[in-house]
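Residue numbers (full-length UniProt numbering): 1 to 212.
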């Protein structure tokens, strides 16, 4: 879930959630997300309201809801758009490639984050994985992600997406991604792409190789 926006973490007014008089209102969803992620980190997800975010961004509630259906959706960013992109990446994979290799490539593309966005992405993942109030909403998002995998596997195998193998691969791929995310959050020296690449190669090999 890559985003691109300038970093305002050194702005004392921005970090306090108070917009400086005369500052232009925020005009992109990326800026709104950065402000919201910062506020969630500082004062907690449940203690931060839509009004708080809108005020800090210098926008009205109506503008906020043009970007997001709810506060929960701010944490997920452009997730729906990325699912569309993931389907396109999978559809473009050569027919001769093994299914799991195609999935590995698509997952790496889905999780690509520019270097300047890494700190924000860590905040986002930490929020999504460690905030109880978001878990019910996250379950729906995870199901949508798994369905993209299941649909691709089903098409390749010529069977329904509700079948055992497509559904199992959907769950397996999500599981290794979540494990990689959690590992990445424990050590800033690690690269998320390396972790994902490693676990997907092991998944393709059937976990039969010796540890590195």
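We put the beta carbon where it would ideally sit given N, CA and C, even for glycine. A quick note: this is a predicted structure, and the numbers were derived from the prediction, not measured.
Would you identify the three-state DSSP class for residue 193, choosing helix, strand or coil? Here residue 193 refers to the residue found at position 193 when the chain shown is read from its first residue. Helix at residue 193.
Mark residue 44 as exposed unless 16 or more other C-beta atoms lie within 10 angstroms of its C-beta, in which case mark it buried. Counting from 1 along the chain shown, the entry for residue 44 is found at position 44. By the 10 Å Cβ count, residue 44 comes out exposed.
Could you tell me the boundaries of the alpha helix (DSSP H) in which residue 187 lies? To locate residue 187, count along the chain shown from 1; it is residue 187. Taken as a continuous stretch (DSSP letters only), residue 187 belongs to no alpha helix (DSSP H), as it is neither H nor E.
Whole-number beta carbon distance between residue 146 and residue 41, since they are thought to touch under 8 Å: For the purposes of this step, residue 41 is identified with residue 41 of the chain shown, where counting begins at 1. For the purposes of this step, residue 146 is identified with residue 146 of the chain shown, where counting begins at 1. For residue 41 against residue 146, the beta-carbon gap comes to about 28 Å, at or over 8 Å, which does not count as contact.
C-beta atoms of residue 90 and residue 106 nearer than 9 Å: Within the chain shown, residue 90 is the residue found at index 90, counting from 1. Within the chain shown, residue 106 is the residue found at index 106, counting from 1. Yes, the pair counts as a contact, with Cβ atoms nearer than the cut-off.
Rounded C-alpha distance that separates residue 148 from residue 103: Counting from one through the chain shown, the residue named residue 148 turns up at place 148. Counting from one through the chain shown, the residue named residue 103 turns up at place 103. In a straight line, the C-alpha of residue 148 is about 10 Å away from that of residue 103.
Residue 202 to residue 58, Cα distance in whole Å? The residue you call residue 202 lines up with position 202 of the chain shown. The residue you call residue 58 lines up with position 58 of the chain shown. Between residue 202 and residue 58, the C-alpha separation is close to 47 Å.
Could you have a look at residue 44 and say whether DSSP puts it in helix, strand or coil? Working through the chain shown from its first residue, we reach residue 44 at position 44. For residue 44, the three-state secondary structure derived from DSSP is coil.
On the CB-based measure, 16 or more other CB atoms within 10 Å of its CB, does residue 21 come out buried or exposed? Looking up residue 21 in the chain shown gives position 21. With a pLDDT of only 41 at residue 21, under 50, the local geometry of the prediction cannot be trusted, and no value is derived from it.
Do the segment 160-168 and the segment 62-78 touch if we need at least three Cβ pairs shorter than 8 Å? no
Compare the C-alpha of residue 200 against each of 98, 190, 186, 130 and name the closest. As a working note, residue 200 is residue 200 in the chain shown. Residue 98 is the option with its Cα nearest to residue 200.
Could I get the ranges of all uninterrupted alpha helix (DSSP H) runs contained in the segment 60-128, with 4 residues as the minimum, in chain order? 61-67, 71-76, 79-91, 99-110
Taking the alpha helix (DSSP H) that residue 253 falls in, what are its first and last residues? This structure does not reach residue 253, given that the chain is present from 1 up to 212, and the question cannot be answered.
Count the other C-beta atoms from every protein chain shown that fall within 10 angstroms of the C-beta of residue 154, then say buried if there are 16 or more, exposed otherwise. Residue mapping note: residue 154 aligns to position 154 of the chain shown, counting from 1. Buried is the call here.
Which residues mark the beginning and the end of the alpha helix (DSSP H) in which residue 54 is found? Looking up residue 54 in the chain shown gives position 54. Note, residue 54: alpha helix (DSSP H), 50-57.
Please say whether residue 39 and residue 28 have beta carbons closer to each other than 9 Å? The sequence position of residue 28 within the chain shown is 28, counting from 1. The sequence position of residue 39 within the chain shown is 39, counting from 1. No, the Cβ-Cβ distance between residue 28 and residue 39 is not below 9 Å.
Going by alpha carbons, who is nearest to residue 88 out of 109, 101, 71? One-based indexing of the chain shown puts residue 88 at position 88. The shortest C-alpha separation from residue 88 is found at 109.
Using the C-alpha atoms, what's the distance from residue 127 back to residue 53? If you number the chain shown from 1, residue 53 lands on position 53. If you number the chain shown from 1, residue 127 lands on position 127. Residue 53 and residue 127: Cα-Cα distance of roughly 16 Å.
Assuming residue 178 and residue 111 form a contact by the criterion Cβ under 8 Å, report the distance between their Cβ atoms to the nearest whole angstrom. In the chain shown, counting from the first residue as 1, residue 178 sits at position 178. In the chain shown, counting from the first residue as 1, residue 111 sits at position 111. Cβ atoms of residue 178 and residue 111 stay farther apart than 8 Å, at about 12 Å.
Considering only the alpha carbon of each residue, which of 205, 181, 72, 32 lies closest to residue 136? On the chain shown, residue 136 is found 136 positions in, with the first residue counted as 1. Considering only alpha carbons, the answer is 72.
Residue 207 versus residue 195 - alpha carbon distance: Residue 207 sits at position 207 when you count from the first residue of the chain shown. Residue 195 sits at position 195 when you count from the first residue of the chain shown. Their Cα atoms are separated by approximately 15 Å.
So for residue 166, helix, strand or coil by DSSP? Residue mapping note: residue 166 aligns to position 166 of the chain shown, counting from 1. Residue 166 falls in the helix class under three-state DSSP.
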